[in-house]
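Just below is one structure, and these are the notes that go with it.
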Amino acid sequence: MARILIALLSVLLACDAIGAEKPVVTVGSKNFSEGYLLAEIMAQLLEVNGFTVERKFGLGGTLVCYEALETGEIDAYAEYTGTIGQAILKIDDPAPQVPMLNNRLKPRGLMVLKSLGFNNTYAMAIKASLAGKLGIETISDLAGRDDLKLAFSLEFLNREDGWPGLARTYGFD
667 MARILIALLS VLLACDAIGA EKPVVTVGSK NFSEGYLLAE IMAQLLEVNG
717 FTVERKFGLG GTLVCYEALE TGEIDAYAEY TGTIGQAILK IDDPAPQVPM
767 LNNRLKPRGL MVLKSLGFNN TYAMAIKASL AGKLGIETIS DLAGRDDLKL
817 AFSLEFLNRE DGWPGLARTY GFD
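Oh and the sequence shown: position 12 is 678 in this note's numbering, straight run, nothing missing.
Okay, structure coming up:
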């Protein structure tokens, strides 16, 4: 989580501590189910704590949401640490740690706080019956097969640690 958590946490603590009027917080989201869900959870948490929330859900992918955060169009959105590293900061580490991300984000006035407590690693799925019929047990077993169609999100197709890295590693065309 980038600016989202600093903004929310510091505003919550400061306003509650001094009894100040709480500002309107604009929560954004990416344009897929998990993004909508996490944004709604944040919005409801803020509302329960007395904040007025403006929702700007379904903005787009990572770079659209990040730009909205940087320009102040939104105050918060949920983001993955790996995505912050790969897509935003262009770090060559597939699993960057929060302190490193914060060192890079600090000059931008942004910060990553504590994890939400879950992992969202990419995975591939195939029907068990089809995998058994075709003898597919690993990703390597997919190499050289032209009888299967793969489907990915646009973001995965364009991320270096998505399709380009997968194709290079496993020799996919």
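Ideal Cβ positions, reconstructed from N, Cα and C, are used throughout, including at glycine.
Less than 8 angstroms between the C-beta atoms of residue i and residue j, yes or no?
{"i": "L704", "j": "A744", "result": "yes"}
{"i": "A742", "j": "V690", "result": "no"}
{"i": "P762", "j": "G751", "result": "yes"}
{"i": "G727", "j": "K756", "result": "no"}
{"i": "T784", "j": "A809", "result": "For the record, residue 784 in the displayed sequence is Phe; it is not Thr. No, these two residues do not count as a Cβ contact at 8 angstroms."}
{"i": "N768", "j": "M777", "result": "yes"}
Rounded to the nearest angstrom, how far is the Cβ of residue i from that of residue j, given a contact under 8 angstroms?
{"i": "Y836", "j": "I802", "result": "About 12 angstroms; that fails the 8 angstroms criterion."}
{"i": "N786", "j": "Y746", "result": "6 angstroms"}
Under a Cβ-count criterion, where at least 16 other Cβ atoms within 10 Å of its own Cβ denotes burial, should residue i be classed as buried or exposed?
{"i": "L725", "result": "buried"}
{"i": "L729", "result": "exposed"}
{"i": "A791", "result": "exposed"}
{"i": "R825", "result": "buried"}
{"i": "I707", "result": "exposed"}
List the DSSP bridge partners of residue i.
{"i": "R721", "result": "V693"}
{"i": "G726", "result": "K696"}
{"i": "N742", "result": "Before going on, a small fix: residue 742 reads as Ala here, not Asn. In the DSSP output, where bridge partners are listed per residue, A742 has V693."}
Can you list, in chain order, the residues of its chain whose CB lies under 8 angstroms from that of residue i, leaving out five sequence neighbours each side?
{"i": "G748", "result": "P760, A761, P762 and D827"}
{"i": "F822", "result": "Y788, G828 and W829"}
{"i": "S676", "result": "Low confidence applies here, because S676 scores a pLDDT of 48, under 50, leaving its location unreliable; read the following figure in that light. Same-chain partners within the cutoff: there are none."}
{"i": "E713", "result": "V719"}
{"i": "I740", "result": "T692, V693, G694, K722, L725, C731 and A734"}
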